[in-house]
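Under the numbering used here, think of the first position of the sequence shown as 15, with each following residue one higher.
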Amino acid sequence: MTTPLFPVSIDLKNKKIAVLMGGPGSERKVSLASGAGVAKALRSLEADVTEVDVTGPDFVVPAGTEIAFNVIHGTFGEDGQLQRILEARGIPYTGEGVAGSELAIDKIATKKRFQQRHVPTAGFEILRDGAHPTLPLPYVVKAPREGSSVGVFIVRDEAKVAATMKEAWGYGQELLVEDFIAGRELTVGVVGDLALPIIEIEVSKDFYNFDNKYPFLNPKAGGSANHTCPAKISDELTHRVQEVALAAARAIDLETYCRVDVLLTDAGEPSVLEINTIPGMTQVSLLPEAAAAAGISYAELCARVIELSLTRRRT
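Structure, rendered in structure tokens:
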């Protein structure tokens, strides 16, 4: 008999769980889809589940809730705001605490931490007050506190710089600009101390942007992506990429679960792009897909997230 990759010992039968979903940010529709999936999975484990559509800080959680399962991606749910509210109310919740959430959502802060702790990542500069990039083309411009590739622009042509920067500055007063690295797009789910099988992503056009991630939300955009899991790379390189993903999670002191996005160059060098502390849990999301490739069901994944989160709270 094989040993489970992560044995789940928690019993969720009759446990009162509020699934927090939606949120006020740009990823609201994705979050609602994630929340529906999580709620269904938890009910299959006989939990007492209430779905809570969160639109702002005045959301109501049912009395007696034993844990809130947070699947609000990006703004409000992933940036420490929701975590502070739940802690003030004394309600345990899934995922990272306030400090880890605030750090991981900030692409600029995480890039600095990667540098400090020797995690391989692309060279970068930080822009403020409407400045233009000084890095040579091509480069990638990113709004530092958005998720699902919202506010990400790949700039290859000098003629498109002005229009791109005008649009990018609409996301805030600070931008991250990175050296463009050509390579294979990989992502690694991390659950506790376990790196899941690597997924390689190939898109129909552009890059792995919102429309390619969630084609069911905007079919007219014509986006799509093919996922290969496990990625077709050598065992040695697989181990290297997984170790880099774990190092990235540890660099920003994450304890529960996340998904680490990595570019793999033609020379076989991994470069970390960013970390998502509340990765998607929709029908096409990457973390459940990687878990399934490891023989871990969607429901087992949800239960393990709860178990790790409660452990984090106790330590």
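Just so it is clear, CB atoms sit at the ideal spot from N, CA and C, and this is done for glycine as well.
Point to revise | residue 199 versus residue 242: straight-line alpha-carbon distance, rounded | key: 11 Å
Exercise for review: Using beta-carbon positions only, say whether residue 85 and residue 49 come within less than 9 Å of one another.
Suggested key: yes
Practice item. Output the distance between the C-alpha atoms of residue 151 and residue 172, rounded to the nearest integer angstrom. Key: 8 Å
Practice item. Give the DSSP bridge partners of residue 84, in chain order. Key: Paired residues: 34.
**Study point:** residue 48, enclosing alpha helix (DSSP H) - first and last residue
**Key:** 42 to 58
**Study point:** Whole-angstrom distance between residue 82 and residue 212, CA atom to CA atom
**Key:** Whole-angstrom Cα-Cα distance: 29 Å.
**Study point:** For residue 125, the first and last residue of its enclosing alpha helix (DSSP H)
**Key:** 121 to 130
Practice item. Please list the segments of the alpha helix (DSSP H) lying wholly inside the region 271 to 309, counting only runs of 4 or more residues, in order along the chain. Key: 300 to 307
Check your understanding: Within this structure, are the beta carbons of residue 187 and residue 143 separated by less than 9 Å?
Key -> yes
Check your understanding: With 16 as the cutoff for other CB atoms within 10 Å, does residue 256 come out buried or exposed?
Key -> buried
**Study point:** Coil, strand or helix - residue 241 by DSSP
**Key:** strand
Exercise for review: Express the C-alpha separation of residue 115 and residue 94 in angstroms, rounding to a whole number.
Suggested key: 5 Å
Exercise for review: Specify the secondary structure class of residue 62 as computed by DSSP and reduced to three states.
Suggested key: strand
Check your understanding: Near residue 254, what residues of its chain come up, given a Cβ to Cβ distance below 7 Å and the 5 sequence neighbours on each side ignored?
Key -> 284, listed in sequence order.
**Study point:** Proximity below 9 Å, CB of residue 33 to CB of residue 59
**Key:** no
Review point. What first and last residue would you give for the alpha helix (DSSP H) that runs through residue 190?
Key: Where residue 190 is concerned, there is no enclosing alpha helix (DSSP H), although the beta strand (DSSP E) it sits in stretches over 188 to 193.
Exercise for review: Give every residue of the same chain whose Cβ lies closer than 6 Å to the Cβ of residue 137, excluding the five residues on either side of it in the sequence, and list them in chain order.
Suggested key: 193
Point to revise | For residue 142, the first and last residue of its enclosing beta strand (DSSP E) | key: 138 to 142
Practice item. Compute the distance between the beta-carbons of residue 320 and residue 92, then report whether it is under 9 Å. Key: no
Practice item. Using beta-carbon positions only, say whether residue 306 and residue 22 come within less than 9 Å of one another. Key: no
Check your understanding: Who are residue 200's beta bridge partners in DSSP?
Key -> 214 and 276
Review point. Using the beta-carbon count (16 or more within 10 Å), is residue 273 buried or exposed?
Key: buried
Exercise for review: Take residue 124 and list the residues in its own chain whose beta-carbon comes closer than 7 Å to its own, dropping the five residues that flank it on each side.
Suggested key: Sequence-distant Cβ neighbours of residue 124 in its own chain, meaning closer than 7 Å and more than five residues away, are 117, 118, 266, 288 and 289.
Check your understanding: Considering only residues of the same chain and omitting the five flanking positions on each side of residue 160, which have a CB-CB separation below 7 Å?
Key -> 40, 88 and 185
Practice item. Please classify residue 155: does DSSP put it in a helix, a strand, or coil? Key: strand
Practice item. Measure the beta-carbon distance from residue 263 to residue 166 and round it to whole angstroms, keeping in mind my assumption that it falls under 8 Å. Key: In fact, because the Cβ distance is near 21 Å, the residues do not count as touching under 8 Å.
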